[in-house]
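Counting in our numbering, the sequence shown runs from 0 upward without gaps.
Below is one structure, written out as structure tokens, with a few remarks after it.
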Amino acid sequence: MDKQDEDEDECAGQHKNPQDDDIAAPESAKDAKPASGNNAASAATGDVPTTAALPAAKRAGRPLGAPGFGRTQKLIPTKFVHKHPEVCTGCLHPFTANDPAQAWTAWDTLELRALSEDDTHTHQLGVYLEVTRHFLMQRQCTCGHLTQAQAQRADDDKAQWAGVRIGEQRLLGPRLAATVVYLSLRMRLPRLKVQELLLELFGLELSTALIDQTIKQTARSVEPLQPELVRQLQVAVLAHADETSWPERTLRLWLWVFCCSHTVLYVIGARTKEMFECALGSSFAGTLMSDGYQAYRSTANRLRCWAHLMRKLRGVAESTDTQAAANGRTMLDLFGSLMQGVFEARDKAKALPTGVQDDPPTHPVVPHAKQVGELKALCEKHRDARHEALRAIAREFLYDWEAIMRVFPSSTVKSVSR
Ligand SMILES: [Zn+2]
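The structure is reproduced here in structure tokens:
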């Protein structure tokens, strides 16, 4: 049995095709009893009523004596779901709810639930782990054919997702799987620490292999969403983009983020113009707010993110070179007052009653045109400064002046800065 198979066995018999002869049911589900017949998948209580006898089903689970790598932690289910075959696969005769049925395999699912979802704890904060036992049922038709309900499972994708199989039979429910992904990618916890946290908080024993597999399966599950997220970003009026280093073992990768008021897309890959263009696509027609990275510069409507520039100016202002620090502080003060002007203009516009036009417009340039001109003059003055950081930021402002000052009409700025 290779590593992959071991991982899968730990998932309480998931991912094995239920048609396989040696379907591995969870230890706790091996005593699956015959159950009553509802054609639809149904939730029931722990009392599993027996019905008219069917020919003995093959014992669910690994053959006795076969080596196993199953979970050692015993799960106690509190919820039971039965999935019945709806029609005979031999003669297509529909089954009725009263036709005898028998469980032929089962698996358990763990899901993170809010206490408030429980009728008896509606006002309680907190979460708990719910164990659901899923039974796949079988029914025998009058034609003699035995039909077994099947778990849903996506086709294998050996080209893009080799070894990453997704389907209904998995130990972690969607919310618990999302929690594992959140801890791993958002909180950047190594697999071992995700394992530790789940054990400490919930007493849940998961292997790091299962945690790793969960992350990959979730990635495959959400992959079809990416084109839709890109589409939503492409029609946004204003989108933001940024990138930060994202080392993975020996690979020096970058985490890109693209967001607008309603959508966020993260992409991990190289730091190249092609990467940016592939991620956002060429049809983006809105305004892009970004830092000064070269890849963004081909975008027609671009705004420079002022927070990035502010941080760089603050760095110069805190320099140990007293002359450069003084120049940096002057530029920082000017830029700070411009930023304040933009905030004030924005607040005034927000305070207007709905439908009322801002006339004449309280555009930030009106009271701040002088500072815009002064800042540009300082940038030109320090374009060839001896101090490297001062020189760099002065050139960055000048090189990207239009995108930085787009919020101010260029005609007014030019007349002031001459
Ligand atoms: Zn039949």
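Note that CB positions come from ideal geometry on N, CA and C, so glycine has one too.
Approximately 6 Å separates the beta-carbon atoms of Ala402 and Leu302; this is inside 8 Å, confirming the contact. Take the alpha-carbon of Leu135 and the one of Val266: they are about 38 Å apart.
Distance from the C-beta of His144 to the nearest heavy atom of ligand 1 is below 6 Å. Shown here, Ala294 sits in a helix according to DSSP, grouped into three states. With a beta-carbon spacing of about 13 Å, Phe275 and Gln233 fall beyond the 8 Å limit used to define contacts. Using a cutoff of 6 Å, the CB of His83 does not count as near ligand 1, since none of the ligand's heavy atoms is closer than that. A direct Cα-to-Cα measurement between Phe79 and Ala105 gives close to 10 Å.
With a threshold of 6 Å, the Cβ atom of Cys90 counts as near ligand 1, since some heavy atom of the ligand is closer than that. Ranked by how close their Cα comes to the Cα of Gly162, the residues Ala218, Leu191 and Val256 have Ala218 in first place. Per DSSP, the beta-bridge partners of Glu110 are Glu129. It is roughly 13 Å from the alpha-carbon of Lys215 to the alpha-carbon of Tyr181.
Closest in C-alpha terms to Met404, from the list Gly327, Gln72 and Phe334, comes Phe334. Ala294 and Thr178 have their C-alpha atoms spaced approximately 33 Å apart.
Listed in chain order, the non-local C-beta contacts of Glu379 below 8 Å within the same chain comprise Ala393 and Leu397, local neighbours out to five positions each way being set aside. Fewer than three pairs of CB atoms, one per stretch, sit closer than 8 Å, so the segment 237 to 250 makes no contact with the segment 189 to 199. Thr286 carries a strand assignment under DSSP once its states are collapsed to helix, strand and coil. For Cys140, the Cβ falls inside the 6 Å cut-off from some heavy atom of ligand 1.
A residue is called buried once 16 or more other Cβ atoms fall within 10 Å of its Cβ, and Asn97, having fewer, is exposed. Inclusion of Cys304 and Met288 in the CB contact set at 7 Å is warranted, their separation being smaller than that value.
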